[in-house]
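S.K.: What follows is a single structure, and I will ask about it in a moment.
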Amino acid sequence: MQAHLHMTPAARAQHYAQVFPDYPAPRVDARWLDSVWVLGNNYRGSGIYGAYPPGYIKRVAALFPDARDVLHLFSGSLSANRESLQHPEHWQCDYLDANPELHPTIIGSAEAMPVEDARYDLVLADPPYSVEDAQHYGKPMANRSKVLEEAYRVLRPGGCLLWLDQVLPMYSKAVWHLWGLIAVVRSTNHRVRLLSCFQRPSSLEDHEWVSVAIPGVTRCCRCGMLHIVSDEEEMFFHCGSDGRLRAAVASSPVCTNGRTSP
Ligand SMILES: C[S@@+](CC[C@H](N)C(=O)[O-])C[C@H]1O[C@@H](n2cnc3c(N)ncnc32)[C@H](O)[C@@H]1O
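Residue numbers for the sequence shown follow the working numbering, beginning at 711 and rising by one.
In structure tokens:
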């Protein structure tokens, strides 16, 4: 089953700007989104060490009105406070945490989730960011690579992983499509976090390359992307909304199946 997600980064940015007309809109092009969210200091949080700043979920929700099945990974206090979370009504959420005292709906390790394959459209992950952080929860530091592997497994093709951390986690470009980065700032003397937006490429939308009349050049008959291989390098180009060719950001970008930014 494919993920319910169907919006381009540009359409997500447009929806976000409608929900938050007073905040700066994300910067987008046909295949990329970046932004800075200044969430401000606010002591209405859950009180748990490392909890999401208030307002964080609402911002994410504004980017994902098309999500239906959502997993909060490393869910911490969220399950116990779910009444006050500002989720869209149609989001069906599960909460996974290793600590049963936090009353997650799924108790288990993020490195080996007791969850069936291809279950979710969207996974929101908030792991401990360091060994020192992990000690606050009485757990060893989670292995990011293992968790990413598991997140890939439980996501439907076309689904997204939003990973909040102090680092951009190591990932394979052959496996994940990184399509956005958002700096999450709370206030002075709080650490700045990075929200990395990944997509599990949709199997239906893989490129279908056909030869064109130029040696070393193929064209995807689904999305129009050009793939050019020379002795020196391999490059991908896509056509921007202004009709000009642009080098693709990723080294093996996924097929957009004809979708472009509005
Ligand atoms: C940064 S906190 C998440 C806080 C959450 N975003 C909130 O707003 O309350 C990290 C959580 O990860 C959990 N945790 C740590 N290691 C884990 C692992 N390997 N698998 C699952 N959960 C883990 C901890 O119990 C803790 O609740």
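A virtual CB, placed ideally from N, CA and C, is assigned to each residue, including glycine.
Based on the DSSP output, what are the partners of M823 in its beta bridges?
M.R.: DSSP, once it has assigned bridges, lists no residue as partnering M823.
S.K.: Taking all protein chains shown into account, do 16 or more other C-beta atoms lie within 10 angstroms of the C-beta of D804, making it buried, or fewer, making it exposed?
M.R.: Under this definition D804 is a buried residue.
S.K.: Would you say K849 touches ligand 1, meaning its beta carbon is less than 7 Å from a heavy atom?
M.R.: Checking the Cβ of K849 against ligand 1 gives yes.
S.K.: Got a sec? Which residues, its chain only, sit under 7 Å from G890 by beta carbon, not counting five neighbours each side?
M.R.: Counting only Cβ-Cβ distances below 7 Å, and skipping sequence neighbours, we find P719, W742, L743, D744, C907.
S.K.: List the whole-angstrom C-beta distance separating I817 from V825, where the pair is believed to meet the contact cut-off of C-beta under 8 Å.
M.R.: Not quite, the Cβ-Cβ distance comes to about 12 Å (not below 8 Å), so this is no contact.
S.K.: For R700 versus D827, is the C-beta distance shorter than 8 Å?
M.R.: This structure cannot speak to residue 700, because the chain is shown only from 711 to 972.
S.K.: Report the residue ranges of all beta strand (DSSP E) runs contained in full by the segment 873 to 949; include only those spanning at least 3 residues, in chain order.
M.R.: DSSP runs (the beta strand (DSSP E)) wholly in the segment 873 to 949: 887 to 895, 903 to 909, 919 to 921, 927 to 930, 936 to 939, 944 to 949.
S.K.: When we look at the beta-carbon of A923 and count the other beta-carbons within 10 Å, is it buried (16 or more) or exposed?
M.R.: The residue in question, A923, is exposed, as its Cβ has fewer than 16 Cβ neighbours within 10 Å.
S.K.: Is it right to say C931 is buried, meaning 16 or more other beta carbons lie within 10 angstroms of its own, or is it exposed?
M.R.: C931 should be labelled exposed.
S.K.: When we look at the beta-carbon of A735 and count the other beta-carbons within 10 Å, is it buried (16 or more) or exposed?
M.R.: The residue in question, A735, is exposed, as its Cβ has fewer than 16 Cβ neighbours within 10 Å.
S.K.: Among residues of its own chain, excluding the 5 on either side of M880, which ones have a beta-carbon nearer than 7 Å to its beta-carbon?
M.R.: Closer than 7 Å at the Cβ level, and outside the excluded window around M880, lie R854, S855.
S.K.: From the DSSP output, read off the bridge partner residues of R737.
M.R.: Partner(s): D744.
S.K.: Which of the three DSSP states is assigned to I767 in this structure?
M.R.: Helix at I767.
S.K.: Okay, do the segment 721 to 728 and the segment 757 to 776 touch, 3+ Cβ pairs below 8 Å being the bar?
M.R.: With a cut-off of 8 Å, the segment 757 to 776 and the segment 721 to 728 count as touching, because enough Cβ pairs lie within range.
S.K.: With which residues is R956 paired in a DSSP beta bridge?
M.R.: According to DSSP, R956 bridges with H948.
S.K.: For a test of the three-state rule: what should DSSP assign to H846, helix, strand or coil?
M.R.: The answer is helix: DSSP assigns H846 an H, G or I state.
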